[in-house]
Structure formats: C-alpha cells, structure tokens
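Have a look at the structure below, then the notes.
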Amino acid sequence: MKDLPKFIDALRGLAKADASLEVSTNQETGEALLAGMGELHLEITVYRLEEEQGIKVKVSEPIVVYRESVQSDNKGRPFEGKSPNRHNRFYVEAEPLPDIVVEKLRAGEFRDGTVRSKDAKEIGDQFAELGMNKDLMRKIYAINGTNVLVNDTKGIQNLHETRELIIDGFNDVCKKGPVADEPLMGVMVRLVDAKLHEDAIHRGPAQTIPAVRNAVKGAFMRSRPVIFEPIQKIQIDSPNDVIGGVTREVSTRRGIIEDMPVEDGVTKVIGTIPVAETFGFSNDIRAASQGRAIWNMENAGFVHLPPNLYEKVTAEIRERKGLKPEIPGETHYQD
C-alpha cells in the first residue's frame with residue numbers, strides 16, 4: 012500500500028503520454044483498469060510500470076469489452092416499468108439509431124450528458140439534418156455515449172419534476188445493459204407515457220430510478236438484443252515463402268483478409284480480426300513466420316458478434332461478472 016500514491020501517479024503519467032491508453036478504477040473492488048489497443052499494448056504498459064517505475068503489479072488476464080444494442084424496435088408495444096411502491100409507471104420503447112448518427116455521436120459532434128431544455132431545439136435540428144424526426148428529437152432529454160433518451164410523452168403532470176431521475180435511470184442502463192452488463196451502443200430510448208403519483212414523496216429517487224431502469228431494460232429485451240464485438244485493422248508484411256502460415260493464423264482467429272498485395276517478395280496481408288481472438292497472436296505469428304513477419308494493428312470499431320457465438324460469449328461474460336449465465340428475458344423486469 013505504501014506504493015499506492017506512486018502507482019497512481021505513474022498511471023496518470025502513462026495515460027497522459029499515451030492518448031490510446033485509458034485508466035480508470037473499479038469503484039467496487041478498487042482495481043485499476045487499463046484499456047488499450049490490444050494485448051501487446053497492455054503488456055508494454057505493464058512492463059513500463061515495473062521496469063521504469065519500479066512498481067510490481069499483479070495483473071489479471073486481459074478482457075474484452077463488448078457493446079450491447081438492439082436490432083429492431085418495439086413501437087406500439089411499450090414496456091412498463093413499475094416503481095417498488097407501485098405508484099409510478101413508465102412506458103418505454105427502444106430502437107436502433109442509424110449508423111450515421113452513431114458515427115457522429117462517437118466522433119463527439121454532440122455534447123455528452125443532460126440536454127438543457129433551452130438547447131433541445133437546436134440539438135434536435137442537428138439530429139434532423141442526419142435524417143432523424145425533427146419534432147421527436149427536439150424533445151431530447153440526454154445523450155450518453157452513442158445512445159439518446161427522448162421524452163415522447165404528451166401532457167404528463169409533474170413529469171418535469173422527475174426529469175433528472177429519469178435520466179439517471181437511463182444512464183445506469185447505458186453503463187450496464189441487460190444482456191451482460193456491458194455498455195449500450197447506438198440505442199434510442201423513447202419515454203412514451205408515464206403515470207406518476209401526485210405526491211412528490213412517493214416518486215423520489217428510490218422509486219423513479221428503478222422503475223425507469225426496468226422499463227429501459229424490458230424495452231431493450233423486447234427489441235431483439237444483439238452483441239457487438241470490437242475488431243482491429245491488421246496489416247502483416249510477410250516474406251512470400253511463409254505466407255501460408257501467416258494467412259492460416261489470421262483465418263483460424265476469425266480474421267477476414269481483405270487484400271494481399273505483393274511487392275518485392277513481400278506480401279501485405281490486410282484485413283480485420285476480432286479483439287477477442289488476438290490474445291497470444293504475437294507469439295503465434297512469430298512462430299508461423301519464423302520471426303520474419305512485421306505487423307501492426309489499430310482499432311476499427313465494432314461489428315455484430317456472429318449469432319453462433321452469442322450464447323457462449325454472453326454466458327462467459329456474465330459468469331465472469333458473477334451473474335447467472337442465462338440472459339434474463341423481458342418478464343424479469345416486469346415486477
């Protein structure tokens with residue numbers, strides 16, 4: 012523990028010097044979490060901590076952070092979330108955002124957080140320029156990463172008094188989705204109706220936030236949930252006489268080879284590979300190429316996890332997090 016201040020300072024210094032390294036803390040366990048460009052990147056970071064800073068650290072196996080999203084909407088079938096005291100009910104629908112909107116949100120073209128009422132019209136018009144419904148998006152409540160919350164209700168008395176609590180419930184689900192407690196991506200949540208107790212004491216945080224959480228999660232599960240996995244763009248420069256071993260290594264890791272130009276006896280293998288399949292890649296590609304291949308990787312976004320891997324991957328994630336391996340259905344959020 013005497014090295015803790017030194018450890019924290021070292022992590023901050025590394026993150027400041029390396030824009031692709033993210034450092035955070037698990038508030039429940041106190042663990043330092045490092046997010047980087049891949050296994051090799053993280054190994055180098057740990058090496059620098061131990062060798063350059065003289066700090067010995069205990070490191071877990073690397074994990075992959077997936078994203079949860081939906082494939083369809085539940086329009087006309089809003090999900091009802093009830094408060095623990097049964098005096099408040101929120102009705103929510105969920106749907107996927109268009110790819111162009113997700114790209115703009117990811118690029119930071121919209122400010123993250125609660126949308127002030129006076130700014131909603133302007134922000135709604137910006138969404139309309141991307142093909143969204145102007146009248147709907149002018150009622151936006153909040154933006155969380157690549158997800159948005161919209162108030163699509165009409166004439167609900169006292170709703171404005173629960174606005175921040177509704178946003179809190181939405182934000183909670185954006186951090187931990189219902190499938191595997193992974194972050195949400197590219198989801199529009201629409202509050203379409205609500206029934207609130209007239210007395211504010213019966214619709215406080217302990218009542219409103221759980222009700223909204225359940226409503227959002229239930230609507231999400233009703234809209235055909237899907238998992239996205241991170242992928243990396245890869246380029247491998249390999250001598251022609253060992254290219255067979257190199258391409259096999261990529262293919263057996265669910266990699267997709269997009270191009271293989273040849274120049275001066277060297278073949279460039281260009282493609283993508285899921286981050287989950289990159290662990291141990293450095294050693295294996297060296298062996299496959301007899302140590303003669305040169306490669307680099309960079310983040311390339313997220314793609315749909317193949318359907319045949321959905322149950323296996325979600326069960327592994329849930330078990331790692333101490334959850335039951337079975338994904339709860341929408342009925343789990345009805346009470």
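Mapping to the numbering used here: the sequence shown position 46 is 57, numbers consecutive.
All C-beta atoms in this analysis are idealised placements derived from N, C-alpha and C, irrespective of residue type, glycine included.
Task: Proximity to V200 [Cα-Cα], best of P16, E42, E106 and E274 - done: E106
Open item on the list: Spatial neighbours of T157 within its chain, please: C-beta separation below 6 Å, excluding the five flanking residues on both sides.
Closed with: V113, L116, R117, M196 and G197
Open item on the list: Is it buried or exposed, V70, if we count other Cβ atoms within 10 angstroms and call 16 or more buried?
Closed with: exposed
Task: Which listed residue (R259, A139 and V324) has its alpha carbon closest to that of V237 - done: V324
Task: Under the three-state DSSP convention, the category S35 falls into - done: strand
- [ ] Would you identify the three-state DSSP class for F181, choosing helix, strand or coil?
- [x] helix
- [ ] Could you check if E133 is buried or exposed, using at least 16 other CB atoms within 10 Å of its CB as the buried criterion?
- [x] exposed
TODO: Determine, using beta-carbon pairs with one atom in the stretch 178 to 198 and one in the stretch 228 to 235, whether at least three such pairs fall under 8 Å.
DONE: yes
Open item on the list: So for S128, helix, strand or coil by DSSP?
Closed with: helix
- [ ] Would you kindly check if the distance between the Cβ of E42 and the Cβ of P73 is under 7 Å?
- [x] no
TODO: Inspect the CB distances between the stretch 84 to 96 and the stretch 243 to 256 and report whether three or more fall short of 8 Å.
DONE: no
Task: Y152 versus K187, L202 and G166, residue with shortest Cα-Cα distance - done: L202
- [ ] Compute the distance between the beta-carbons of I328 and A191, then report whether it is under 7 Å.
- [x] yes
Task: Presumed contact (8 Å Cβ cut-off) between E193 and V314, rounded CB distance - done: About 15 Å separates the two Cβ atoms, so there is no contact after all.
Open item on the list: I'd like to check one pair, L141 with I167: are the Cβ atoms closer than 7 Å?
Closed with: no
- [ ] Just the C-alpha distance for S293 and V75, rounded to the nearest angstrom, thanks.
- [x] 17 Å
Open item on the list: Going by DSSP in three states, F313 sits in which element: helix, strand or coil?
Closed with: strand
TODO: Mark I212 as exposed unless 16 or more other C-beta atoms lie within 10 angstroms of its C-beta, in which case mark it buried.
DONE: exposed
Open item on the list: Just to confirm my understanding: we take I268, look at its own chain, exclude 5 residues before and 5 after, and list those with CB closer than 8 Å. What are they?
Closed with: T258, V261, S262, V280, I281 and G282
Open item on the list: Can you tell me whether F239 is helix, strand or coil according to DSSP?
Closed with: strand
TODO: Hey, could you find the ends of the alpha helix (DSSP H) T325 is sitting in?
DONE: P318 to R331
Task: Same chain, Cβ closer than 7 Å to L147, five either side skipped, listed in chain order - done: V161 and D163
- [ ] With DSSP collapsed to three states, give me the class of S234.
- [x] coil
Task: Given E39 as reference, the closest of K332, G180, E79 and E309 once Cα atoms are compared - done: K332
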